[in-house]
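Participant: Got a structure for you, written out below as structure tokens; questions coming shortly.
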Amino acid sequence: MLGFELSMIWAGLIAFAILAYVILDGFDLGTGILFPFLGKEDHRAHAMNTIAPVWDGNETWLVLGGGGLFAVFPLAYAIVMPALYPPVIAMLLALIFRGVAFEFRHRNPDHEKLWDISFFFGSIVATLSQGLILGALVQGIEVENRAYAGGYFDWLTPFSILTAVALVAGYALLGGTWLVMKTTGHLRDRARRLSWIAAVATLVLVGAVSLATPFLDPAYLDRWFARPNVYYTMWVPAGIVLAAVLFVSGMRHDRDAWPFLSALSIFVLSFVGLGVSLYPYMVPHSVTIAEAAAPDESLWFLLAGALVLVPMILAYTTYAYWVFRGKTDPSEGYH
């Protein structure tokens with residue numbers, strides 16, 4: 008029983024780290040996705056300056072989530088990684104390339120166009136890869152004798168592609184609403200127009216993914232629509248509708264923070280829906296959270312470190328966002 012409780016605590020910590028990564032790194036990936044549509048160079052430079060103080064710190068949560076999975080749930084890591092090597096490697100390479108483009112854009116202005124293109128492609132490839140990973144996990148991974156037994160391209164299916172496209176739209180929504188919240192003038196107006204488009208695309212695609220998910224496996228269907236489950240799961244789509252109303256109200260009444268908060272709410276609620284579908288499995292329908300966990304001694308040792316590390320990350324992340332709160336000045340650049 009104690010081992011089960013520890014594994015659930017760690018599952019919650021890793022889930023929190025992944026959610027923190029998605030909502031924090033999502034808006035700066037979304038800014039990169041919108042980069043070609045922001046207009047003149049001054050707008051692109053201003054957009055990049057809004058994320059400059061925080062973008063690299065946001066990826067700390069990805070390291071924490073991935074490292075935690077390796078250390079705490081080694082069986083799940085050993086099964087999932089061989090199934091998802093291509094999109095995982097593509098994501099990591101894209102994030103590296105994107106980081107290089109971010110830095111070199113300011114230090115090598117003679118090739119600014121090249122770095123802008125690199126920043127855009129790094130952002131969109133990383134996002135597509137994350138969507139493919141998510142879709143492949145939700146649709147299930149073939150497991151035999153506690154090892155991956157599928158093919159090399161099992162991760163590439165119509166459902167995983169749909170999930171990837173939905174994530175691109177969602178990150179674009181986060182990026183657009185972030186720019187609405189952080190900028191003024193023509194860039195804010197352009198970001199507002201892009202946010203409307205991204206919001207419609209996100210709601211349509213999230214709806215499509217949500218409708219398709221229960222039919223991937225009878226367990227999903229029962230989890231969402233069987234009684235009495237439906238009386239609890241119905242609040243997830245209801246919350247997304249409420250978030251959409253908040254988005255529209257904020258956009259119409261020029262409350263610039265509301266659209267971003269509503270976009271964050273859509274992601275949080277979608278993540279809750281994902282948890283509803285997958286629980287209690289670490290590898291869907293094959294390996295449960297308790298089965299995938301490391302020995303109790305390892306869980307206790309790592310938990311002691313996490314109880315120090317996670318509050319530190321939360322503290323400096325919160326402080327960074329507090330220091331750089333409010334609208335950004337377009338005259339102040341990244342150095």
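Numbering-wise (this note's numbering), the sequence shown opens with residue 8 and increments by one. Here a beta-carbon is modelled for each residue, glycine too, at the ideal position from N, C-alpha and C. A quick note: this is a predicted structure, and the numbers were derived from the prediction, not measured.
If distances are taken between C-alpha atoms only, which option among Glu48, Leu314, Ile86, Met188 comes closest to Tyr159?
Facilitator: The residue given as residue 159 occupies position 152 in the sequence shown. Selected option, being the one with the closest Cα: Ile86.
Participant: Quick one: any contact between the stretch 143 to 160 and the stretch 281 to 299, if contact means 3 or more CB pairs under 8 Å?
Facilitator: Yes, the stretch 143 to 160 touches the stretch 281 to 299.
Participant: Considering only C-alpha positions, which residue in the set Leu36, Tyr288, Trp62 is nearest to Ser14?
Facilitator: Locating residue 14 in the sequence shown gives position 7, counting from the first residue. Of the listed residues, the one whose Cα sits closest to Ser14 is Tyr288.
Participant: Should Ser136 be labelled buried (16 or more other beta-carbon atoms within 10 Å of its own) or exposed?
Facilitator: On the sequence shown, residue 136 is found 129 positions in, with the first residue counted as 1. So Ser136 ends up on the buried side.
Participant: Run the CB neighbour count on Asp261, radius 10 Å, all protein chains shown included, and call it buried at 16 or more, exposed below.
Facilitator: Stepping through the sequence shown from its first residue, residue 261 is reached at position 254. When all chains shown are included, Asp261 counts as exposed.
Participant: Tell whether a beta-carbon distance below 7 Å holds between Ser277 and Ala250.
Facilitator: One-based indexing of the sequence shown puts residue 277 at position 270. One-based indexing of the sequence shown puts residue 250 at position 243. Not in contact: Ser277 and Ala250 (Cβ atoms no closer than 7 Å).
Participant: Taking 8 Å as the limit between beta carbons, can you name the residues of its chain near Val294, skipping five residues before and five after?
Facilitator: Numbered from 1 along the sequence shown, position 287 holds the residue referred to as residue 294. Closer than 8 Å at the Cβ level, and outside the excluded window around Val294, lie Leu82, Ala83, Ile86, Val150, Arg153, Tyr288.
Participant: In whole angstroms, what is the alpha-carbon distance linking Asp32 and Trp329?
Facilitator: Walking along the sequence shown from the start, residue 32 turns up at place 25. Walking along the sequence shown from the start, residue 329 turns up at place 322. Near 17 Å, if we compare the C-alpha coordinates of Trp329 and Asp32.
Participant: Residues in its own chain within less than 8 Å of Ile320 by CB, not counting five upstream and five downstream?
Facilitator: Reading the sequence shown from its first residue, position 313 is the one you call residue 320. Answer for Ile320: Thr67, Trp68, Leu71, listed in chain order.
Participant: To the nearest angstrom, how far is it from the Cα of Trp122 to the Cα of Leu76?
Facilitator: For this step, residue 122 is matched to residue 115 along the sequence shown. For this step, residue 76 is matched to residue 69 along the sequence shown. Going by the C-alpha atoms only, they are around 33 Å apart.
Participant: Closest to Gly280 by C-alpha separation, out of Gly214, Val315, Val187, Ser269, would be which residue?
Facilitator: The count along the sequence shown starts at 1 and reaches residue 280 at position 273. Selected option, being the one with the closest Cα: Gly214.
Participant: Can you confirm whether the stretch 125 to 141 touches the stretch 97 to 115 when touching is taken to mean that 3 or more C-beta pairs between the two stretches lie within less than 8 Å?
Facilitator: With a cut-off of 8 Å, the stretch 125 to 141 and the stretch 97 to 115 count as touching, because enough Cβ pairs lie within range.
Participant: Would you mind reading off the limits of the beta strand (DSSP E) that contains Val290?
Facilitator: Sequence index remark: in the sequence shown, residue 290 carries index 283 (1-based). Looking at the DSSP string, the run of the beta strand (DSSP E) that includes Val290 is 288 to 290.
Participant: Taking C-beta to C-beta, are Trp162 and Pro89 nearer than 7 Å?
Facilitator: On the sequence shown, residue 162 is found 155 positions in, with the first residue counted as 1. On the sequence shown, residue 89 is found 82 positions in, with the first residue counted as 1. In this structure, Pro89 does not lie closer than 7 Å to Trp162 by Cβ.
Participant: For Ser202 versus Thr191, is the C-beta distance shorter than 7 Å?
Facilitator: As a first step, residue 202 is located in the sequence shown; it is residue number 195 there, counting from the start. As a first step, residue 191 is located in the sequence shown; it is residue number 184 there, counting from the start. No; because the gap between Cβ atoms is not below 7 Å, this pair is not in contact.
Participant: CA-CA distance, Leu316 and Val79?
Facilitator: Against the sequence shown, residue 316 aligns to sequence position 309. Against the sequence shown, residue 79 aligns to sequence position 72. Going by the C-alpha atoms only, they are around 15 Å apart.
Participant: Going along the chain, which residues of its own chain have a beta-carbon closer than 7 Å to the beta-carbon of Ala27, five neighbours each way excluded?
Facilitator: Locating residue 27 in the sequence shown gives position 20, counting from the first residue. Same-chain partners within the cutoff: Trp68.
Participant: Tell me the DSSP secondary structure of Glu110 in three-state form.
Facilitator: Counting from 1 along the sequence shown, the entry for residue 110 is found at position 103. Glu110: helix per DSSP, three-state reduction.
Participant: Need the endpoints of the alpha helix (DSSP H) that Tyr239 sits in, please.
Facilitator: Residue 239 sits at position 232 when you count from the first residue of the sequence shown. Residues 237 to 240.
Participant: Measure the Cβ-Cβ separation of Tyr227 and Pro221 and say whether it is below 7 Å.
Facilitator: Counting from 1 along the sequence shown, the entry for residue 227 is found at position 220. Counting from 1 along the sequence shown, the entry for residue 221 is found at position 214. Yes, the Cβ-Cβ distance between Tyr227 and Pro221 is below 7 Å.
Participant: Considering only their Cβ atoms, is the gap separating Pro337 from His113 smaller than 7 Å?
Facilitator: Here the question's residue 113 lines up with position 106 in the sequence shown. Here the question's residue 337 lines up with position 330 in the sequence shown. Not in contact: His113 and Pro337 (Cβ atoms no closer than 7 Å).
Participant: Which residues mark the beginning and the end of the alpha helix (DSSP H) in which Asn115 is found?
Facilitator: Here residue 115 is taken as the residue at index 108 of the sequence shown, counted from 1. Looking at the DSSP string, Asn115 is not in any alpha helix (DSSP H), and its letter there is neither H nor E.
Participant: Kindly indicate which three-state DSSP category Ala154 falls into: helix, strand or coil?
Facilitator: By one-based count along the sequence shown, residue 154 stands at place 147. Strand, per DSSP.
Participant: Buried or exposed, going by whether 16 or more other CB atoms sit within 10 Å of the CB of Gly257?
Facilitator: As a position in the sequence shown, residue 257 is number 250, starting the count at 1. Its Cβ being crowded by 16 or more others within 10 Å, Gly257 is buried.
Participant: Alpha helix (DSSP H) containing Leu69: first to last residue?
Facilitator: Working through the sequence shown from its first residue, we reach residue 69 at position 62. Taken as a continuous stretch (DSSP letters only), the alpha helix (DSSP H) holding Leu69 covers 67 to 79.
Participant: So Tyr159 is in the alpha helix (DSSP H); what residue range does that whole segment cover?
Facilitator: Within the sequence shown, residue 159 is the residue found at index 152, counting from 1. That residue, Tyr159, is in no alpha helix (DSSP H); it is neither H nor E in DSSP.
Participant: Got a sec: does the ligand MN put a non-hydrogen atom nearer than 6 Å to the Cβ of Ala54?
Facilitator: Because no ligand of any kind appears in the structure shown, any question about the ligand MN cannot be addressed here.
Participant: Helix, strand or coil, according to DSSP, for Thr295 in the structure here?
Facilitator: The residue labelled residue 295 in the question sits at position 288 within the sequence shown. Strand at Thr295.
Participant: Give me the residue from Ile25, Phe44, Leu223, Arg332 with the minimum Cα distance to Thr164.
Facilitator: By 1-based counting over the sequence shown, the position of residue 164 is 157. Ranking Ile25, Phe44, Leu223, Arg332 by Cα distance to Thr164 puts Leu223 first.
Participant: Leaving out five residues before and five after Phe127 in sequence, what residues of the same chain have Cβ atoms less than 8 Å from its Cβ?
Facilitator: Against the sequence shown, residue 127 aligns to sequence position 120. Counting only Cβ-Cβ distances below 8 Å, and skipping sequence neighbours, we find Gly39, Ile40, Phe42, Pro43.
Participant: I think Gly138 touches Ala173, with their Cβ atoms under 8 Å apart; what is that distance to the nearest whole Å?
Facilitator: Counting from 1 along the sequence shown, the entry for residue 138 is found at position 131. Counting from 1 along the sequence shown, the entry for residue 173 is found at position 166. 7 Å between Cβ atoms; contact.
Participant: Helix, strand or coil, according to DSSP, for His342 in the structure here?
Facilitator: On the sequence shown, residue 342 is found 335 positions in, with the first residue counted as 1. Note on His342: pLDDT 46, under 50, position unreliable in the model; the coordinate value appears next. Three-state DSSP puts His342 in coil, outside helix and strand.
Participant: Mapping the DSSP letters down to three states, classify Ala205 as helix, strand or coil.
Facilitator: By 1-based counting over the sequence shown, the position of residue 205 is 198. The answer is helix: DSSP assigns Ala205 an H, G or I state.
Participant: Check each candidate in Glu12, Ala179, His193 and name the one with the smallest Cα separation from Ser46.
Facilitator: What you label residue 46 is simply residue 39 of the sequence shown in a count that begins at 1. Here residue 46 is Gly; the residue named in the question, Ser, does not match the sequence. The shortest Cα separation from Gly46 among Glu12, Ala179, His193 belongs to His193.
Participant: If you draw a straight line from the alpha carbon of Tyr239 to that of Ser269, how long is it in whole angstroms?
Facilitator: Indexing the sequence shown from 1 puts residue 239 at position 232. Indexing the sequence shown from 1 puts residue 269 at position 262. Looking at the two C-alpha atoms, the distance is approximately 21 Å.
Participant: Report the residue from Asn65, Ile16, Asp49 whose alpha carbon sits nearest the alpha carbon of Ala322.
Facilitator: Your numbering for residue 322 matches position 315 in the sequence shown. Ala322 has its Cα closest to that of Asn65, out of Asn65, Ile16, Asp49.
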